[in-house]
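Visitor: Before anything else, here's the structure in question.
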């Protein structure tokens, strides 16, 4: 058995070959690349998705059973881990490729399934009821009656550039990354392009920051490159603190060398000799794989001093952050890297002029930097032809919530949101009605179905008062309470506020208080309380304007976005909570009206004894009753009832 093999130790050979011009590959190098290319295998290849979601779903046990199966049967096979292919609900995913055959993927694999699946595959039989699909490869024989992955609705309309090798290559193998074209763009950049040429090329490509407002990446680089300083820094923002966002994590766990190459090119373009990856400390698997990628790149001479005699020096280090949402803002991130409290600073000066240790610093996120090798390798025109005029390239979205299909999606900029929601992920869960989507994380916006004809583009979103953010999409159906969702986001922002500026610190707190009042029954039912809540709703709108205009950073300025967009499209839900004191999806527990079915109640008294408000009355061995005026809707009575006699509406 050959596990995680590199097909021979190439550490001494590859740098010697790479030293030559890439336009003049020797036959030896071509043969080496062919030997390392896993699209064609000489022995059976078995891979298990061991990204974070795969591990949570039991991927480690699946991998252990694969090893035992191969060892016990003395099979000459190669075993390796891989990243996320994008179908989060299908993890763990097992892929098997026999010599001369296309690779086949099996979803939701349990440890006990291994012997059944592999027995069938090694006897050249594919259990169709277990298979997800096969990868298309014109050089290999396809399995009959097995769908190709690119024919599945989830993949058919995607345009995978950054995710192309996710779930296909071994993220821990630098040899395999190089066999798939890795590090050619970096070596081309340091050999044939000046710093300014790289900045211009990236600017001409139209690449924009894949988070926040979408500032032109090449322009930011040029500002730093033209600022004189004896030391400059490149920082990769891998904080990814948006709830429900997992794009960056998937890129780092599935193809870490792609990010390392992007960082290396960016550092060269701005004249930086030191680069940092700022990552939240609980991204354990990402940190492990990035550390291995940095180590292997250094061993191969791709990092270090005088890289391939180009005169360029570069060291990349990992800095662990606390996981605070505010540290996603670049000035707060820099403060955290300097050992200070992560608090935003006023701008200008911008970090590209005065950043880490008061030196020119460029901060880009993982997805932005991962695009760079592809732009250098294929050219600015190639990249501009993907997407639209103002928004070029692709964008990765992580879909969660009440969606039919959840996972990672990479589509060209300019694609209609309706295509993503209704065609690629199939809308909401079966049997449920799509209510809206929330896009952009805690400072994102809620978009109803009638507005989903909007193009996925920074300008188009801005015109609609929406924001793309990092790309997290939360699918909502009729069981979702919009008021409760907004309350969650506002409470999150209140907790994550650094507290430096009054509008954000006090504004998020007051908004959270008002939203909690709206979703709570009053102690005494009267019209005055209703009017106070309505006044609070009006106050929320005014407070949102003040926060947007006066907060120091984007966290405070954009915090009211979920509230304002929901008031715009779902105002009747807020009014229903205020005037009718009713939550139609029955999500807001404190607005529920509980009652006891007298036909089912046995008078056991347990609910009355456990009620904290003494709102349940009755006589033992006779039906009990709930006093509505005393009930706070805590739900304890329903939880403790052994006869399922408690209901709510």
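In my numbering, the protein residues as written are 3 to 651.
By construction, the Cβ of each residue, glycine as well, lies at the ideal position given by its N, Cα and C atoms.
On the three-state DSSP scale, how would you describe residue 108?
Guide: In this structure, residue 108 counts as strand in the three-state DSSP scheme.
Visitor: Is residue 628 helix, strand or coil by DSSP?
Guide: Reduced to three states, the DSSP call for residue 628 is strand.
Visitor: In whole angstroms, what is the alpha-carbon distance linking residue 249 and residue 472?
Guide: If you take the alpha carbons of residue 249 and residue 472, they lie about 8 angstroms apart.
Visitor: Give the DSSP-derived three-state secondary structure of residue 86 in the structure shown.
Guide: Coil.
Visitor: Name the two residues that bound the continuous alpha helix (DSSP H) containing residue 282.
Guide: No alpha helix (DSSP H) holds residue 282; the beta strand (DSSP E) holding it covers 276 to 282.
Visitor: Using alpha carbons as the reference points, say which of 85, 68, 188 lies closest to residue 78.
Guide: Taking only the C-alpha atoms, the option nearest residue 78 is 68.
Visitor: Check the C-beta distance from residue 411 over to residue 160 and give it rounded, since I have them as a contact under 8 angstroms.
Guide: About 6 angstroms separates the two Cβ atoms, so the contact holds.
Visitor: Work out the CA separation of residue 489 and residue 582 for me, nearest whole Å.
Guide: The straight-line gap from Cα to Cα measures roughly 19 angstroms.
Visitor: Does DSSP classify residue 29 as helix, strand or coil?
Guide: Here residue 29 scores only 34 on pLDDT, less than 50, and its place in the model is too uncertain to base an answer on.
Visitor: What residues match up with residue 405 in a beta bridge as DSSP calls it?
Guide: Partner(s): 430.
Visitor: Output the residue ranges of the alpha helix (DSSP H) runs that lie fully inside the stretch 276 to 321 and measure 4 residues or longer, sorted by chain position.
Guide: List check, alpha helix (DSSP H) in window: 286 to 301.
Visitor: Whole alpha helix (DSSP H) runs in the stretch 214 to 253 with 4 or more residues, listed along the chain?
Guide: 219 to 227, all fully within the stretch 214 to 253.
Visitor: Hey, which unbroken runs of the alpha helix (DSSP H) at 4 residues or more fall wholly within the stretch 113 to 195?
Guide: Entirely contained in the stretch 113 to 195, the alpha helix (DSSP H) runs reaching 4 residues are, in chain order, 116 to 124, 155 to 158, 176 to 181, 186 to 194.
Visitor: Where residue 107 and residue 62 are concerned, what is the direct C-alpha to C-alpha distance, given to the nearest angstrom?
Guide: If I take the Cα positions, the gap works out to 17 angstroms.
Visitor: Comparing alpha-carbon positions, which option in 116, 510, 139, 645 lies nearest residue 547?
Guide: Cα-wise, what sits closest to residue 547 is 510.
Visitor: Measure from the alpha carbon of residue 232 to the alpha carbon of each residue in 188, 362, 223, then state which is nearest.
Guide: The shortest Cα separation from residue 232 among 188, 362, 223 belongs to 362.
Visitor: Residues in the same chain with beta-carbon distance under 6 angstroms from residue 59, minus the five sequence neighbours each way, listed in chain order, please.
Guide: So the list reads 93, 94, once near-sequence residues are dropped.
Visitor: Within the same chain, show all residues whose beta-carbon is closer than 7 angstroms to that of residue 219, passing over the 5 residues directly before and after it, in chain order.
Guide: Hits under 7 angstroms: 204, 209, 210, 211, 366, 370.
Visitor: Which residue wins for smallest C-alpha separation from residue 237, given the options 230, 125, 321, 173?
Guide: Checking every option, the nearest Cα to that of residue 237 belongs to 321.
Visitor: Which two residues bound the contiguous alpha helix (DSSP H) that contains residue 359?
Guide: Residue 359 -> no alpha helix (DSSP H), and no H or E assigned at all.
Visitor: With 16 as the cutoff for other CB atoms within 10 Å, does residue 494 come out buried or exposed?
Guide: Buried, since its Cβ has 16 or more Cβ neighbours within 10 Å.
Visitor: Which of the three DSSP states is assigned to residue 396 in this structure?
Guide: Strand.
Visitor: By the three-class DSSP mapping on this structure, what secondary structure does residue 353 have?
Guide: Correct three-state label for residue 353: coil.
Visitor: Is DSSP giving residue 454 helix, strand or coil here?
Guide: Correct three-state label for residue 454: coil.
Visitor: Using three-state DSSP, classify residue 103 as helix, strand or coil.
Guide: Here residue 103 sits in strand by DSSP.
Visitor: Of all the options 234, 298, 245, 292, which has the alpha carbon lying nearest to the alpha carbon of residue 268?
Guide: Among 234, 298, 245, 292, the Cα nearest to that of residue 268 is on 234.
Visitor: Closest to residue 614 by C-alpha separation, out of 505, 633, 568, 627, would be which residue?
Guide: Ranking the options by Cα distance to residue 614, first place goes to 633.
Visitor: Under the rule that 16 or more other beta-carbon atoms within 10 Å means buried, what is residue 291, buried or exposed?
Guide: The residue is buried, with at least 16 neighbouring Cβ atoms inside 10 Å.
Visitor: Where do the ends of the beta strand (DSSP E) carrying residue 477 lie?
Guide: Looking at the DSSP string, the run of the beta strand (DSSP E) that includes residue 477 is 474 to 479.
Visitor: So, is residue 71 buried or exposed, given that buried needs 16 or more other C-beta atoms within 10 angstroms?
Guide: Classification of residue 71: buried, given that the 10 Å Cβ count is 16 or more.
Visitor: Please state whether DSSP places residue 35 in a helix, a strand or coil.
Guide: Any reading at residue 35 needs caution, since the residue's pLDDT is 46, under 50, leaving its predicted position unreliable; the model's value is listed next. Of the three classes helix, strand and coil, the one that applies to residue 35 here is helix, per DSSP.
Visitor: Select from 429, 584, 364 the residue whose C-alpha is nearest the C-alpha of residue 222.
Guide: The candidate whose alpha carbon is nearest that of residue 222 is 364.
Visitor: Identify every residue that forms a DSSP beta bridge with residue 649.
Guide: Answer is 597, bridged to residue 649.
Visitor: Would you grab the beta carbon distance between residue 454 and residue 478 for me? Rounded to a whole angstrom, and I think it's under 8 angstroms.
Guide: So it is not a contact: roughly 12 angstroms between Cβ atoms.
Visitor: Rounding to the nearest angstrom, what Cα-Cα distance links residue 640 and residue 571 in this structure?
Guide: About 34 angstroms.
Visitor: Can you give me the C-alpha to C-alpha distance between residue 399 and residue 474, rounded to a whole angstrom?
Guide: The straight-line gap from Cα to Cα measures roughly 6 angstroms.
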